[in-house]
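**Student:** Just add 355 to the spot in the sequence shown (first one is 1) and you have the working numbering.
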Amino acid sequence: MKEELFKKLYSKGIHLVTKIRKNMKNILMDMTDKIMLRKRGMIESIGSLLKCRYNIEHSRYRSPKTLSLNVYSCIIAYIFRENKPSERKKMAIPA
Numbered sequence: 356m357k358e359e360l361f362k363k364l365y366s367k368g369i370h371l372v373t374k375i376r377k378n379m380k381n382i383l384m385d386m387t388d389k390i391m392l393r394k395r396g397m398i399e400s401i402g403s404l405l406k407c408r409y410n411i412e413h414s415r416y417r418s419p420k421t422l423s424l425n426v427y428s429c430i431i432a433y434i435f436r437e438n439k440p441s442e443r444k445k446m447a448i449p450a
């Protein structure tokens with residue numbers, strides 16, 4: 356992505372969070388963006404779970420009401436799920 360487009364989107368409040376590659380310039384990143392980048396794996400796994408298991412990726416909605424109804428029902432079904440993806444908690448090593 357060109358730097359001009361990135362700055363234009365950033366000024367409008369759209370933050371595209373990606374890892375910095377070798378050929379990219381170093382840029383300062385907000386702390387919230389860094390945290391979200393660390394949690395990217397979990398966010399993607401929840402998204403794929405909603406798409407695969409709860410069929411949130413259905414594309415033939417006849418009205419916006421049915422779209423929102425399906426999305427809400429999928430999220431509610433996910434809330435009641437017992438085994439959700441979670442972060443592994445770091446264990447403190449006793450001294």
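From the three backbone atoms N, C-alpha and C, an ideal C-beta is built for every residue, glycine too.
1) Tell me whether residue 419 sits in a helix, a strand or coil according to DSSP, three-state version.
2) Distance, Cα to Cα, residue 424 vs residue 430?
3) Compute the Euclidean distance between the alpha carbons of residue 390 and residue 383, then round it to the nearest angstrom.
4) Quick one: what does DSSP say residue 382 is sitting in, helix, strand or coil?
5) Using only the alpha-carbon positions, how far apart do residue 426 and residue 376 sit?
**Tutor:** On the basis of the coordinates in this document:
1) For the purposes of this step, residue 419 is taken as residue 64 along the sequence shown, with counting starting at 1. Residue 419 falls in the helix class under three-state DSSP.
2) Position 69 of the sequence shown, counted from the first residue, corresponds to residue 424. Position 75 of the sequence shown, counted from the first residue, corresponds to residue 430. Using only the alpha carbons, I get a separation of about 10 Å.
3) Here residue 390 is taken as the residue at index 35 of the sequence shown, counted from 1. Here residue 383 is taken as the residue at index 28 of the sequence shown, counted from 1. The alpha-carbon atoms of residue 390 and residue 383 are separated by roughly 14 Å.
4) Here residue 382 is taken as the residue at index 27 of the sequence shown, counted from 1. Here residue 382 sits in coil by DSSP.
5) Working through the sequence shown from its first residue, we reach residue 426 at position 71. Working through the sequence shown from its first residue, we reach residue 376 at position 21. When rounded, the distance between both Cα atoms is 35 Å.
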